[in-house]
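**Q**
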Amino acid sequence: MKETVAQQPDVYNPQSIEPVWQQQWEAAKTFRVTEDPKRPKYYCLVMFPYPSGRIHMGHVRNYVIGDVVARYKSMRGHNVLHPMGWDAFGLPAENAAIEHKKTPQFWTDENILYMRTQLKRLGLSYDWEREVATCKPDYYKWNQWFFLKMYERGLAYKKMSAVNWCPSCETVLANEQVITRDVTNIGLCWRCDSHVEKKELDQWFYKITAYAEELLAECDRLPGWPERVLTMQRNWIGKSVGVEVDFPLADDKNRAIRIFTTRQDTLFGATFVTLSPEHPMVEEIIRGKKESAAVRTFVERITKQDINIRTAQNMEKEGIFTGAHAINPMTKERIPIWIGNFVLMGYGTGAIMCVPAHDQRDFEFAKMYNIPTRVVIQNPEGTLKSDELTAAYTDEAGKLVESGKFSGLSPNEAIEKIAEFIVSEKLGARKTNYKLRDWGISRQRYWGTPIPIIYCERCGTVAVPYDELPVTLPPDVPITGKGGSPLQADKNFLNVKCPKCGGPARRETDTMDTFVDSSWYFFRYLSPKMDTAPFDTKSADYWMPVDQYIGGIEHAVLHLLYARFFTKVVRDLGLTKADEPFTNLLTQGMVCMETYRCEEHGWLFPGDLIGSEKEGWHCPHCNRPAVRGRVEKMSKSKKNIVDPEQLIATYGADTARLFSLFAAPPEKDLEWNDAGVEGASRFLNRVWRLVTSHAGPGPVSGTDGTERTAALRRVTHQTIKKVTEDLDRNFQFNTAVAALMEFYNAITAQPGDGRDEAIKTLLILLSPFAPHIAEELWKRLGHTGSVLTQPWPRWTEAALATDEITIVIQINGKLRGQIRVPAGLDEKEIQHRAMADGKIKDWLKGQPPKKVIYVKGKLVSIVL
RNA sequence: GCCGGAGUGGUGGAAUGGUAGACACAAGGGACUUAAAAUCCCUCGCGCAGAAACGCGCGUGACGGUUCGAGUCCGUCCUCCGGCACCA
């Protein structure tokens, strides 16, 4: 402490005590952790940040939640691993390089340095010796190592594919990185909101689809995950079980169109077939037909359209008859073949059978083009008529009709029976489809992990040998933001000798999607300095899986699915026993704040407004009224941000921590409000005054046996119970903090002896939430050693017991009175006293009650 | 359209089927102070009644139902938020 301010021991001054304790913890290596088979392990993980420059309130909330969990579990006797690191590759570093003429490396290192000190100011209990940064060669070497392992196993492969191309970022995006935000359903870049285009490129993929079934099935075995996250993952994997069926061409019975359906029970009702405009058989079937010219024009027009626009929800269905016919394999009827703009080549076989009677989309299409409709599932009332339908009949109830030997079956029975028939008659096969696509990992970018592949003129695609890893990024590459990958311009990087034949070859210049980095970082924390393997399997056997993972809901699909996939790959490489990386998942809500706008000057910082709540706020530039906007996620663009650094400077880290925990349950959005921060600060000030005014030269005398002392002891144990249960049950930090406030109120409400145990307990219970003040006051009470190493207090049922209890009396379910009775009084006597109560007597009016219900220790309910 | 989640005071939010509104914020009143800040105390869902006290009625998005008793369980609906969506 360099401050020369006179020490005023009676004033709570977080700015002076917080750094002292942070240094103390660091010097004592309080949070360093190693494997310890004697203690139960607890792996508490928070999503590591992208080093964008400064931490924001979302980070604060995330890390404070994680810190309370870690500190609490540690006090409960667990050996807690609580690491932190940096998701350090990514586009902003390149943008910064263009803007500020700093290399991505320099910019990133600078940011990490700054943000690390910011995090340290929050007093977070990280084992900093395990810090990792994904942009360091000793980290990304292992991205490359995993790539090679996957390449060997056929899990990494290259193919030409139409990819999402962001013209602004000049890079490829994964499907998951294309978002649709408004009703037009147009694909936008997840990072910059640009309109995404299609482009054909040769790309590297990870074969996540090989694990689709396991990723889906394991969703049922993740009870510690929020249901909505599992739902999103299930939707994303998008499994559908059905059959592929061949519809032979009428002109050539040896050729057939293969369709995919999940509703084979309606096969007899298929009155036409529709192909995707991209379907490879289109040209074959229209050859020589009078419709061929019109069809070609149609196909050309549709395929030119952006796929995102074409598949938008409100896109008009459009189709054209090909002039060709197919044979319905069940009815043997000739049915027309159409081409439709709504049929996707990328799903199933790119061809569908159409059953207008039992599929709403097919129904609308058939109505539009006058194609016949045939009812093959009759409703229980028997009222459906093929030519009178006004909508498709899609209910599960009903029986098959006009379906040959399957008539009379329920749709569910028929789905199975007809599938069997299709297989046995060799009309097709059972088939399961997934919406999940393989994960395109190629990025035409500099600041990422180089893909360890070499292209040789003679040997073709050659893997970089393991002993040549890592393929490092060349440090001085000009980054312009234009054209393709900057690595292509670096001839030293690009031109290499082939590892196989020694001949001239060139390197792959694409780098990996940064989601690769974050798919396994939780393994790297276990042995961050290991240089012979990505991590130590022995450590993983001890620590994995992560007991509690905490982060934003925005990663519900992308990051969490990739991390699950990677874990399964790592397991199949024999490196871990874990099937799933994260046992429990807590998705914390966003940090929001109200927004203000001036019609002239746009968004305004709330802190800059002039005026007052009562008189109304005005724009500081032009004094126009500031219009209050919606409460939205804090963001720079809307200017509704609170800078954590400012907050800590004003109130201290403990207040910042306490408020972000108290204002809302963790999974809900938190609305920031300065007055609430004041409240949290006031509470800590009160605790400070209570303890500092209480602390005497020596320990204060113990229990004195009075009723007041017993009452305080009771509240103490009640609070231990409440806080413990709130933390154990879903981390209800807000109610736990409320219990501590009540506890404080109870202690001060009854001045007198016997506060010792209460105050001591208050500090221990407070320490995970506000560790600095707890440490300081603990010390001032005369304790040696850290409050953090105190065991978590236990409550006893005996201490909770009271001599007298309150019994509530209800008449016909309405509250009519209450009586105090000695604890342990028997039911009969309690009922008797309840009826004898003056007020209750008035209600009874001398009549005997019909019924009396007694809830033990709680209430008497009298029915008249 | 489908699948989740949520609707409680002026506000954020509490309530294993058992006293709705804990805790906090805001607001109002008071004490202390020359004054202010800080701090402390009181009031604080709506209505009725009353000098006061003891009270009474209503009240958790709407309407029904189950129950001695429903914010909580069931049914129907409304609104908002999130996800998915021409996926065959």
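This note's numbering numbers the first residue of the first sequence as 31 and each following residue consecutively.
Positions of the beta carbon are idealized from the N, C-alpha and C atoms, including for glycine.
Comparing alpha-carbon positions, which option in Ala831, Lys179, Asn92 lies nearest Leu499?
**A** Position 469 of the first sequence, counted from the start, is the residue given in the question as residue 499. Checking every option, the nearest Cα to that of Leu499 belongs to Lys179.
**Q** For Arg101 and Ile870, what's the separation of their Cα atoms in angstroms?
**A** Counted from its first residue, the first sequence places residue 101 at position 71. Counted from its first residue, the first sequence places residue 870 at position 840. Spanning the two alpha carbons is a distance of roughly 51 Å.
**Q** What does the alpha-carbon distance come out to for the pair Asp295 and Lys456?
**A** As a first step, residue 295 must be located in the first sequence, where it is residue number 265. As a first step, residue 456 must be located in the first sequence, where it is residue number 426. The alpha-carbon atoms of Asp295 and Lys456 are separated by roughly 17 Å.
**Q** Whole angstroms is fine: what's the gap from Leu588's alpha carbon to Gly438's?
**A** To locate residue 588, count along the first sequence from 1; it is residue 558. To locate residue 438, count along the first sequence from 1; it is residue 408. Those two C-alpha atoms are separated by around 45 Å.
**Q** The beta strand (DSSP E) that contains Tyr423, what's its start and end?
**A** The residue given as residue 423 occupies position 393 in the first sequence. Careful: Tyr423 lies outside any beta strand (DSSP E) and carries neither H nor E.
**Q** Name the one or two DSSP bridge partners that His309 has.
**A** In the first sequence, residue 309 corresponds to position 279, counting from 1. Paired residue(s): none; His309 is not in a bridge.
**Q** Would you tell me roughly how many angstroms separate the C-alpha atoms of Ile849 and Ile777, rounded to the nearest one?
**A** Within the first sequence, the letter at position 819 stands for residue 849. Within the first sequence, the letter at position 747 stands for residue 777. Their backbone Cα atoms lie some 26 Å apart in a straight line.
**Q** What are the start and end residues of the alpha helix (DSSP H) that includes Ile452?
**A** Walking along the first sequence from the start, residue 452 turns up at place 422. Element bounds for Ile452: 441-454.
**Q** State the DSSP-derived secondary structure class of Val760, mapped to helix, strand or coil.
**A** Position 730 of the first sequence, counted from the start, is the residue given in the question as residue 760. The question names Val, but residue 760 is Asn in the sequence shown. Residue state, collapsed to three classes: coil.
**Q** Label Gln577 either buried or exposed according to how many other C-beta atoms from any shown protein chain fall within 10 Å of its C-beta, with 16 as the threshold for buried.
**A** Mapped onto the first sequence, residue 577 falls at position 547. Checking the displayed sequence, the identity of residue 577 turns out to be Asp instead of Gln. Result: buried.
**Q** Note down, in chain order, each residue of its chain lying with its Cβ closer than 6 Å to the Cβ of Leu154, except the 5 sequence neighbours on either side.
**A** As a first step, residue 154 is located in the first sequence; it is residue number 124 there, counting from the start. The answer, listed in chain order, is Tyr93, Asp97.
**Q** In the DSSP output, which residue or residues are listed as bridge partners for Ala242?
**A** Within the first sequence, residue 242 is the residue found at index 212, counting from 1. Ala242 is not bridged to any residue.
**Q** Looking only at its chain, what residues have a beta carbon closer than 6 Å to the beta carbon of Ile640, apart from the 5 residues adjacent to it on each side?
**A** As a working note, residue 640 is residue 610 in the first sequence. The answer, listed in chain order, is His648, Pro650.
**Q** Which one of Arg331, Asp232, Phe302, Glu418 has the shortest CA to CA distance from Ile382?
**A** Your numbering for residue 382 matches position 352 in the first sequence. For Ile382, the nearest C-alpha among the options comes from Phe302.
**Q** Could you tell me which residues DSSP pairs with Gly581 in its beta bridges?
**A** Residue mapping note: residue 581 aligns to position 551 of the first sequence, counting from 1. Paired residues: Thr617.
**Q** What would DSSP say about Gly887, mapped onto helix, strand or coil?
**A** Within the first sequence, residue 887 is the residue found at index 857, counting from 1. DSSP places Gly887 in coil when its eight states are reduced to three.
**Q** Is it true that the CB of Ser440 sits closer than 8 Å to the CB of Val406?
**A** Along the first sequence, one-based indexing puts residue 406 at 376. Along the first sequence, one-based indexing puts residue 440 at 410. In this structure, Ser440 does not lie closer than 8 Å to Val406 by Cβ.
**Q** DSSP has Arg536 in a bridge; who is on the other side?
**A** In the first sequence, residue 536 corresponds to position 506, counting from 1. DSSP lists Tyr485, Asn525 as partners of Arg536.
**Q** What is the rounded straight-line gap between the Cα of Lys347 and the Cα of Asp389?
**A** Taking the first residue of the first sequence as position 1, residue 347 is located at position 317. Taking the first residue of the first sequence as position 1, residue 389 is located at position 359. The alpha-carbon atoms of Lys347 and Asp389 are separated by roughly 14 Å.
**Q** Given a threshold of 16 other Cβ atoms within 10 Å of its Cβ, counted over all protein chains shown, does Val213 qualify as buried or as exposed?
**A** In the first sequence, counting from the first residue as 1, residue 213 sits at position 183. Caution applies to Val213, whose pLDDT of 43 falls short of 50 and renders its modelled position unreliable; the value that the coordinates give is listed next. The residue in question, Val213, is exposed, as its Cβ has fewer than 16 Cβ neighbours within 10 Å.
**Q** Could you tell me whether the segment 248-266 touches the segment 608-622, using the rule of 3 or more Cβ pairs below 8 Å?
**A** Yes: at least three Cβ pairs fall under 8 Å.
**Q** Indicate whether Tyr592 and Phe553 have their beta-carbon atoms separated by less than 8 Å.
**A** Counted from its first residue, the first sequence places residue 592 at position 562. Counted from its first residue, the first sequence places residue 553 at position 523. No.
**Q** Quick check: Met664 and Val672, are their CB atoms within less than 8 Å of each other?
**A** Locating residue 664 in the first sequence gives position 634, counting from the first residue. Locating residue 672 in the first sequence gives position 642, counting from the first residue. Yes, the Cβ-Cβ distance between Met664 and Val672 is below 8 Å.
**Q** Counting pairs of Cβ atoms below 8 Å between the segment 854-873 and the segment 799-806, do you hit three or more?
**A** Contact fails: fewer than three Cβ-Cβ distances are below 8 Å.
**Q** Can you look up Trp116 in the DSSP assignment and give me helix, strand or coil?
**A** The count along the first sequence starts at 1 and reaches residue 116 at position 86. Residue state, collapsed to three classes: strand.
**Q** Which of the three DSSP states is assigned to Asp684 in this structure?
**A** By one-based count along the first sequence, residue 684 stands at place 654. DSSP places Asp684 in helix when its eight states are reduced to three.
**Q** If you run the structure through DSSP and keep just helix, strand and coil, what is Phe596?
**A** Looking up residue 596 in the first sequence gives position 566. Reduced to three states, the DSSP call for Phe596 is helix.
**Q** How close, in whole Å, do the beta carbons of Thr292 and Ser270 come, if the pair is a contact with beta carbons under 8 Å?
**A** Looking up residue 292 in the first sequence gives position 262. Looking up residue 270 in the first sequence gives position 240. Confirmed, about 5 Å.
**Q** Below 8 Å on the Cβ atoms is my guess for Ala899 versus Ala387; work out the distance and round it to an integer in Å.
**A** Residue 899 lies beyond the stretch modelled for the chain, which goes from 31 to 894, so this question has no answer here.
**Q** Leaving out five residues before and five after Leu246 in sequence, what residues of the same chain have Cβ atoms less than 7 Å from its Cβ?
**A** Sequence index remark: in the first sequence, residue 246 carries index 216 (1-based). Contacts found: Arg264, Ile267, Lys269.
**Q** Any idea if Lys568 is buried or exposed, counting beta-carbon neighbours within 10 angstroms, 16 or more meaning buried?
**A** Mapped onto the first sequence, residue 568 falls at position 538. It is exposed - the Cβ of Lys568 has fewer than 16 other Cβ atoms within 10 Å.
**Q** Is it the case that the Cβ atoms of Pro564 and Val90 are separated by a distance below 8 Å?
**A** As a first step, residue 564 must be located in the first sequence, where it is residue number 534. As a first step, residue 90 must be located in the first sequence, where it is residue number 60. Cβ distance not < 8 Å, so Pro564 and Val90 don't count as in contact.
**Q** Could you pull out every unbroken beta strand (DSSP E) segment of at least 3 residues lying fully inside the segment 353-440, listed in chain order?
**A** With a minimum length of 3 residues, the continuous beta strand (DSSP E) runs that stay inside the segment 353-440 are 364-370, 381-384.
**Q** With DSSP collapsed to three states, give me the class of Leu894.
**A** Within the first sequence, numbered from 1, the residue matching residue 894 stands at position 864. Leu894 falls in the coil class under three-state DSSP.
**Q** Measuring only the C-alpha atoms, how far is Trp702 from Gly582?
**A** Taking the first sequence and counting its residues from 1, one reaches residue 702 at position 672. Taking the first sequence and counting its residues from 1, one reaches residue 582 at position 552. Cα to Cα, Trp702 sits roughly 17 Å from Gly582.
**Q** Residues in its own chain within less than 6 Å of Pro558 by CB, not counting five upstream and five downstream?
**A** Position 528 of the first sequence, counted from the first residue, corresponds to residue 558. Correct list, in chain order: Arg160, Val162.
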